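Visitor: Residue numbers (the numbering used here): 125 to 541. Ideal Cβ placement from N, Cα and C applies to all residues, glycine included. Quick caveat, the model's predicted, so the values are computed rather than measured. Pasting in a structure now, in structure tokens, and then I'll have a few things to ask.
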Amino acid sequence: MPRTVWLLVAARAINRLGAFSLPFLTVLISSDFGASTTTAGLLSAAFGLATIPSRLAGGRLAARLGRRRTIVIGLTGCALAQLGIAAAGSLTAVACFAILLGLTFELYEPPSQGIIADTVPPAERVRAYSLLNAALAAGGTGAGLIAAGLGRYDLRWLFVIDALTCLACALALRIALPADHPRPATTDRTPAAQHRELDAPAGPWRDRALWAMFASGTAFALISMQIVMALPLTLERRGHAAADAGLLFTASAVTVVVAQPALRLRRLTNLAAPAALALGYALLAIGLAGYALAHTLPAFLIATAVWSLGDVIILGRALTVVADLAPPGATDRYLAAYGISWGIATTAAPVTATQILEHSGVTALWTATATLALALAAAQFLVVKPLLINQAPVRSPADPQRTPDRAGREAASTTGP
């Protein structure tokens, strides 16, 4: 991996190590300002909504101001907003700073993902994006422990420490990342993206291929956020402590980190994107179905490990497909547009998860979620495979020798149903 990728991975791990304040935002609003649970939930939803324009702005700013500047602006903005929350003396002030945090929270993502797309060979992008996911997981294993310690004294200190890690990352990346400069019109792109140069859409939202990936990504994000929202409530209803969800999330993070070497196995790397994504969603469905049947903590741990293996496969592959779809110069905007699926899911998941749980129960919730994941597994051959095959250019005998990526695409086109 290029040095730049390792810098981003290290920065992501450090930043995630301090990113333990958000789950306690509703608690702070309720405990320090006496707000109702409904009010606290609405403010958290407002934060989720604000992340949607934040992600889009990250793509546009990266194209206009440069990726390094956008990353630094986003991290610094997050730090200032969290310091504001820590120092706020009224509910109105907390609400304003929470929305400001949402508006800066996702600025970092599109430029960091775009840097990987342009600095890593196509064949290595899956592993590079998976490393970012592993960095989040590795940082998350320590974040809960820090939160448990600091939260006993004062919840506001969680936001202060989180802000300091954001500032530390902003400074480190400002020094270490290459300076912003105009990107060349042509870069090392996949054959599909090279073909799209001839008839590139005016913007990502006019690209039907991106819309197809966006729909699939939104469903996946909704599943992921429902796990976060509903797992503590599920444990409580099955006779366990809600806090045991922390143990399960730690097990998930450890699984993601430990499973990284598996991404280099030949059988997995040789899988075409549709087959690999289908495998990931199938594992996700099996793990979620395990939640529907589980009653003991070991059973929940096994189910968590299974769906976490699916996450390892899905996240890197999906981002790679989106990056491959983008015409040269539009990578940041494509990744930004695709990424707002998480903002939509963050807003919708608390409603869908709690309503199904309240009216239909634990078994129905996880059965429905597993069914959605299984439907996504089948849909990959209808959504992703046509994107990769139909957009590949037809080469004449005089064309240059096929690249390894092109050869992989052609081999993929002869497999599957």
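Can you list, in chain order, the stretches of the alpha helix (DSSP H) that have 4 or more residues and sit fully within the region 405-459?
Guide: 421-449
Visitor: I need the DSSP call for Gly190, collapsed to helix, strand or coil.
Guide: coil
Visitor: If distances are taken between C-alpha atoms only, which option among Pro126, Ala429, Phe221 comes closest to Val381?
Guide: Ala429
Visitor: Going by the CB atoms, is the gap between Ala294 and Arg192 shorter than 8 angstroms?
Guide: no
Visitor: When you compare only the Cα positions, how much space is there between Leu131 and Ala203?
Guide: 20 angstroms
Visitor: Counting pairs of beta carbons, one from the region 245-258 and one from the region 470-485, are three or more of them closer than 8 angstroms?
Guide: no
Visitor: Determine the DSSP secondary structure at Gly363, reduced to helix, strand or coil.
Guide: When secondary structure is reduced to three states using DSSP, Gly363 falls in the coil class, being assigned neither helix nor strand.
Visitor: Under 8 angstroms between the Cβ atoms of Arg441 and Leu506?
Guide: no
Visitor: Leu152: which of Ile438, Leu282, Ser340, Ala336 sits nearest, CA to CA?
Guide: Leu282
Visitor: What is the rounded straight-line gap between the Cα of Thr358 and the Cα of Ala497?
Guide: 19 angstroms
Visitor: Checking 8 angstroms against the spacing of the C-beta atoms, do Ala500 and Ala343 come in under that value?
Guide: Correcting the residue type first, residue 500 is Leu in the shown sequence and not Ala. Yes, they are a contact pair.
Visitor: If the criterion is Cβ atoms closer than 8 angstroms, does the pair Gly226 and Ser154 meet it?
Guide: The answer is no: Cβ separation not under 8 angstroms.
Visitor: Just the Cα atoms here: how many angstroms apart are Leu371 and Gly327?
Guide: A straight line joining the alpha-carbon of Leu371 with that of Gly327 spans about 43 angstroms.
Visitor: I need the DSSP call for Val129, collapsed to helix, strand or coil.
Guide: helix
Visitor: Around the Cβ of Gly434, are there at least 16 other Cβ atoms within 10 angstroms (buried) or fewer (exposed)?
Guide: buried
Visitor: Check whether the Cβ atoms of Ala423 and Gly414 sit closer than 8 angstroms, and answer yes or no.
Guide: Yes, the pair counts as a contact, with Cβ atoms nearer than the cut-off.
Visitor: Helix or strand or just coil, what does DSSP make of Glu233?
Guide: helix
Visitor: Per DSSP, what kind of secondary structure is Ser155 in: helix, strand or coil?
Guide: helix
Visitor: Would you call Gly213 buried or exposed, if buried means 16 or more other Cβ atoms sit within 10 Å of its Cβ?
Guide: exposed
Visitor: Spatial neighbours of Pro235 within its chain, please: C-beta separation below 7 angstroms, excluding the five flanking residues on both sides.
Guide: Taken in chain order, the residues that qualify are Gly182, Ala186, Arg191, Thr194, Ile195, Asp456.
Visitor: With DSSP collapsed to three states, give me the class of Pro245.
Guide: Here Pro245 sits in coil by DSSP.
Visitor: How is the alpha helix (DSSP H) around Asp368 delimited, first residue to last?
Guide: 368-382
Visitor: Identify whether Asn139 lies in helix, strand or coil by the three-state DSSP scheme.
Guide: helix
Visitor: Measure the alpha-carbon distance for Met337 versus Gly158 and round it to whole angstroms.
Guide: 42 angstroms
Visitor: Can you give me the Cβ contacts of Arg313 inside the same chain, cut-off strictly under 7 angstroms, excluding the 5 residues immediately before and after it?
Guide: In this prediction, Arg313 has a pLDDT of 49, which is less than 50 and means its spatial position is unreliable; nothing more can be read from the coordinates.
Visitor: Using the C-alpha atoms, what's the distance from Ile240 back to Val129?
Guide: 6 angstroms
Visitor: Over what stretch of residues does the alpha helix (DSSP H) that includes Trp281 continue unbroken?
Guide: Secondary structure note for Trp281: its alpha helix (DSSP H) is the uninterrupted segment 280-300.
Visitor: Output yes if chain B places a C-beta closer than 8 angstroms to the C-beta of Leu392; else output no.
Guide: Absent from the structure: chain B. Only one protein chain is present.
Visitor: Under a three-way DSSP split, which group does Ser254 fall into?
Guide: helix
Visitor: Taking 6 angstroms as the limit between beta carbons, can you name the residues of its chain near Leu439, skipping five residues before and five after?
Guide: Asn257
Visitor: Can you have a look at Gln350 and say buried or exposed, based on whether 16 or more other CB atoms are within 10 angstroms of its CB?
Guide: Gln350 comes out buried.
Visitor: When you compare only the Cα positions, how much space is there between Leu133 and Ala296?
Guide: The residue asked about is misnamed: residue 133 is Val in this sequence, not Leu. Roughly 12 angstroms between the two C-alpha positions.
Visitor: Classify Ser178 as helix, strand or coil using the three-state DSSP reduction.
Guide: helix
Visitor: In this structure, how does DSSP classify Leu207 when only helix, strand and coil are distinguished?
Guide: helix
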